[in-house]
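Chemist: One rule links them: number in the numbering used here = place in the sequence shown (from 1) + 3. Using N, Cα and C, we set each Cβ at its ideal position, and we do this for glycine too. Fair warning: this is a prediction, and the values are worked out from it, not measured in the lab. Provided herewith is a single structure, encoded as structure tokens, for subsequent inquiry.
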Amino acid sequence: MQADIAAAHAMPMRLETEPARMTAAVLAARSQGRRVGFVPTMGALHAGHASLVEAAAKACDDVVVSIFVNPTQFAPHEDFARYPRPLAADLGLLERLGVRCAFTPPVEAVYPRGLAERIEVGGPAEPFEGVVRPGHFAGVATVVKRLFEIVPADAAFFGAKDWQQTLVVKRMVAACGIPIEIVVCPTVREADGLAMSSRNAYLSPADRARAVALPEGLAAAAACWEAGADVAVAEQALREALDARGIACDYAAIVDPESLGPLADPRGPAVAVVAGRLGATRLIDNRPLPVRRVVDRAAG
Ligand code: PAF
4 MQADIAAAHA MPMRLETEPA RMTAAVLAAR SQGRRVGFVP TMGALHAGHA
54 SLVEAAAKAC DDVVVSIFVN PTQFAPHEDF ARYPRPLAAD LGLLERLGVR
104 CAFTPPVEAV YPRGLAERIE VGGPAEPFEG VVRPGHFAGV ATVVKRLFEI
154 VPADAAFFGA KDWQQTLVVK RMVAACGIPI EIVVCPTVRE ADGLAMSSRN
204 AYLSPADRAR AVALPEGLAA AAACWEAGAD VAVAEQALRE ALDARGIACD
254 YAAIVDPESL GPLADPRGPA VAVVAGRLGA TRLIDNRPLP VRRVVDRAAG
């Protein structure tokens, strides 16, 4: 495996924009017994994406990365037009990471039948981001299904930072019977704990300093959780951390990590999810919470 990765580093990265050629290349590699890993992205790559590529390179012989800013997952008032598109820098990073192929299709290649086609996932797509961004997860599920048709890899790698998205993708894959392994990799954070996100680039220096409230709030909620506090108390600690830094809270909740519904067992496991708005920028984050042995009603 090490030798294969080293060989991939020595090979120039292939640039592909055409779906049929992309599919043929993946099928050819797999027919030679090579395991292919796929990292779908919207570009503006950062250390979080690099960690997905590295995980794919460890587990697979060849890594394909797509860069496609998907119009169908943005509402008309959202940031599709101004979403960062530093393509040359992205390709340079992928080349340095030893990626075998970068797939950068035009919109009409991904959506040959137009943008109206939609896959509704239901279940974990409904709460939280599903409420704040109606239609967002239909756009994600639709594009990821299409990308999985074009890049029929053995495994696809997603970041746990977008926890709800990983559940949506897993549900879409199960419902559509797509034979691909979904690998969820840990969130990569800045030194102060802020989760890496392409949207962090939108933050002014003052908002960037305030954004640390999200990981701080998650840490406060986790401390309450570990001390055995009621879910409502831990959720309040999360909300207060955002309030303390003047961040408008879209949601702050502790829920079942698979369904995103209320906890059937107050001992967990659970996930704390949070979204806040700093000016025009929305940030989301989450923190998995382990099973706890005691629940101290008095702490509530
Ligand atoms: O997480 C993202 O970057 C996007 O939602 C994805 C999965 C590439 C689909 O456009």
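Which residue from Phe151, Glu243, Leu292 puts its Cα closest to that of Pro43?
Modeler: Nearest option by C-alpha distance: Phe151.
Chemist: With 16 other CB atoms within 10 Å as the buried threshold, where does Asp157 fall?
Modeler: When all chains shown are included, Asp157 counts as buried.
Chemist: In the DSSP assignment, find the unbroken beta strand (DSSP E) run with His69 in it and report its ends.
Modeler: One point to set straight first is that residue 69 is Ser, not His, in the sequence displayed. Note, Ser69: beta strand (DSSP E), 65-70.
Chemist: According to DSSP, is Met4 helix, strand or coil?
Modeler: Per-residue confidence for Met4 stands at a pLDDT of 37, beneath the threshold of 50, marking its modelled position as unreliable; no derived number is given.
Chemist: According to DSSP, which residues form a beta bridge with Glu19?
Modeler: Answer is Phe106.
Chemist: So which of Glu129, Gly117, Ala50 has the shortest CA-CA distance to Leu263?
Modeler: Closest by alpha carbon: Glu129.
Chemist: Leaving aside the five residues before and after Val124 along the sequence, list all residues of the same chain whose C-beta is less than 8 Å from its C-beta, in chain order.
Modeler: Closer than 8 Å at Cβ, skipping near neighbours: Phe140, Ala141, Ala144, Val171, Arg174, Met175, Ala178.
Chemist: Using the DSSP secondary-structure output, state which residues sit across from Ala255 in a beta bridge.
Modeler: Answer is Val277, bridged to Ala255.
Chemist: Expressed to the nearest angstrom, what Euclidean distance is found between the alpha-carbon atoms of Lys61 and Phe161?
Modeler: Going by the C-alpha atoms only, they are around 15 Å apart.
Chemist: Looking only at its chain, what residues have a beta carbon closer than 7 Å to the beta carbon of Pro22, apart from the 5 residues adjacent to it on each side?
Modeler: So the qualifying residues of the chain are Pro108, Ala112, Ile153.
Chemist: Could you round the C-beta distance between Leu292 and Ala267 to whole angstroms and report it? I think they count as a contact, below 8 Å.
Modeler: About 14 Å; that fails the 8 Å criterion.
Chemist: In the DSSP assignment, what residue or residues form a beta bridge with Val186?
Modeler: Its beta-bridge partners are Phe160.
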